[in-house]
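Just so you know, the sequence shown maps onto residues 309 to 768 in our numbering.
Note that the Cβ used here is the ideal one computed from N, Cα and C, for glycine as well.
Computed from a predicted structure; not experimentally measured.
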Amino acid sequence: MSRENALRTLAEGFDGEVILPEDAGYASARRVWNQLIDRRPAAIARCRTRNDAVSALAVARDTGLEVAVRGGGHSFPGFSTTEGGLVLDLGPMKQIVVDAEQRIARVGPGVRWGDLTAASAQYGLAPVGGHVADVGVAGLTLGGGNGWFARVFGLACDNLVAADVLTASGEIVRASAEDNQDLYWGLRGGGGNLGVVLEFTLRLHPVGRLLGGLVMHRLDDAADVLRFLAGYGQSAPDEVNVAPAILAAPPAPFVPLELHGKPVLALAMCYAGPLSDGERALAPVRGFGRPLVDLVEPTTFEALQHLFDAQGRSTPYHMRSHLGGAITEELIEAVLDFGGRLSSPENGVLLLPMGGAVARVGADATAFRHREASYCLEIGAAWSAEEENPQRHIDWADQLWAATRSWAIGVEVNHLADEGPEGVHRAYGDNYDRLAQIKRAWDPDNLFRLNQNVPPAVAN
Ligand SMILES: Cc1cc2nc3c(=O)[nH]c(=O)nc-3n(C[C@H](O)[C@H](O)[C@H](O)COP(=O)(O)OP(=O)(O)OC[C@H]3O[C@@H](n4cnc5c(N)ncnc54)[C@H](O)[C@@H]3O)c2cc1C
């Protein structure tokens, strides 16, 4: 059957929608979060049910159309779309079932973190997601997933209890500590390499009101604050999460007028435990130096996940990143040099803390390798769609990335740009070969290759 006929036949029995280039919804359906990505798929299969996903994958396999799998669509390099292939858009599969007694949630692959946080909060529970509500549960969990609670509850993938996976051969199998253990190992950090996850079972944790928010400093004071943080971060309890970020100050009433739009150091922080313990534990970092503003207050996890909404807006975007150890003088120097001359007010340089529970999982216990990292450095360049010279923003990020390379011990797949095999090797390190073996077992033809791709190991 021709591709056109196969896609038409797919549409006939579909519960969701198969959107073709001539359809009215195509222009918006082909878009992903990163506006730099401008690809035109042959079709977008907006799957509503498991059967939809099974049928769409079968069409791609049978016709040779390249497959892109989409959860929340936030992949920085735009892996959830394709030029001329078929997008399996799982966005409509948004079911969430919370089992408060077992403290787990069964979650569809189209769910965003904000939805899951809200559903869990009704039971006094919280998932272990990322920092931003709009990001997809699917991609973030499969790539590792570093968020507000990483130091106390681990990465998102450390909280993956089980997954129902549609494999390259078209079967649906379960992966967990009891079933298909190799697949379960690979799903925790291995990105979308191994199959299409149709349901995630995630561990939830009791989380009530917590202390969190932002403290802001002038950039002139940033070196001293970062030096202080280097020491404080080593000794702080796991419940403490302090992420320094250099950003353009918003034009908000609490920011002195002369700093509007100028780079400042923001410390985004929370204490994932009782409020009174949080007051004590965060007091040294809140009290250090001469903060411009202190917006830390009793809040909810839901509210914290909206703290970075401005940075999380969909724009043209170029991300570079490293995982590294402690904050060093060289790191401070490079970050402040480039942070002081942001190429666009939408840029940001962030250090997301790790350690604690992340480091207590063995480096070979899951596919996520770099458990020894203390921070994930995110260098984000964003600009407006009207910008005439996007390259200057890309260069700004690439140059800061190069200037901090000697600090790096690796990178996470979730923050990796499209850097080819070298970047993928840097992310998986000594876990690469095992992942390639698992890939050979579950996807020998590399059907799922639009990701930080680990091709199947060659048979020996
Ligand atoms: C604004 C923003 C904030 C972010 N914040 C954080 C953060 O705090 N912590 C962090 O760790 N990362 C963060 N990230 C990075 C994020 O984890 C990755 O971009 C992640 O891949 C996004 O997942 P998604 O489902 O939204 O993306 P998608 O683009 O849909 O998917 C990303 C990758 O996963 C694959 N995939 C998606 N769904 C499935 C599925 N069901 N089965 C198999 N493969 C699938 C895709 O094929 C693709 O390769 C952020 C990204 C953005 C844009």
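Taking the alpha-carbon positions, what's the residue i to residue j distance?
i    : j    : result
L685 : W456 : 15 angstroms
G663 : S383 : 24 angstroms
F322 : I352 : 12 angstroms
F562 : G632 : 33 angstroms
L344 : A589 : 41 angstroms
A667 : L318 : 46 angstroms
N313 : D546 : 56 angstroms
G595 : V533 : 11 angstroms
G324 : A427 : 24 angstroms
T608 : P329 : 43 angstroms
N359 : R369 : 15 angstroms
M401 : R713 : 40 angstroms
D706 : R679 : 25 angstroms
T371 : L315 : 10 angstroms
Q745 : P559 : 52 angstroms
A681 : I717 : 7 angstroms
A429 : Q699 : 43 angstroms
DSSP puts residue i in a beta bridge; with which residues?
i    : result
L518 : T607
H723 : None, per the DSSP bridge assignment.
I554 : L573, V657
L685 : H630, L659
Are the CB atoms of residue i and residue j nearer to each other than 8 angstroms?
i    : j    : result
S652 : W691 : yes
N342 : G399 : no
P349 : V395 : yes
L603 : G521 : yes
A376 : T390 : yes
L555 : A531 : no
G516 : G381 : no
A749 : D490 : yes
G503 : L463 : no
F508 : T425 : no
G494 : L365 : no
D528 : G597 : no
N739 : W704 : no
A551 : A591 : no
A553 : I635 : no
R511 : I412 : yes
G452 : N761 : no
Is it buried or exposed for residue i, if we count other Cβ within 10 angstroms and need 16 for buried?
i    : result
H525 : buried
N467 : buried
V766 : exposed
M309 : exposed
A693 : exposed
E720 : buried
H733 : exposed
R628 : buried
L660 : buried
S543 : exposed
P624 : buried
A618 : exposed
For the structure I just gave you, are there three or more beta carbon pairs, one from the stretch 747 to 757 and one from the stretch 441 to 461, closer than 8 angstroms? In short, these stretches do not touch, since the Cβ pair count stays below three.
Does the stretch 668 to 677 touch the stretch 496 to 508, meaning 3 or more C-beta pairs lie closer than 8 angstroms? Between the stretch 496 to 508 and the stretch 668 to 677 there are three or more C-beta pairs closer than 8 angstroms, enough to call the two in contact.
Would you call the stretch 425 to 442 and the stretch 609 to 616 in contact, with 3 or more CB pairs under 8 angstroms? As far as the Cβ criterion goes, the stretch 425 to 442 touches the stretch 609 to 616, which means the pair count is three or higher.
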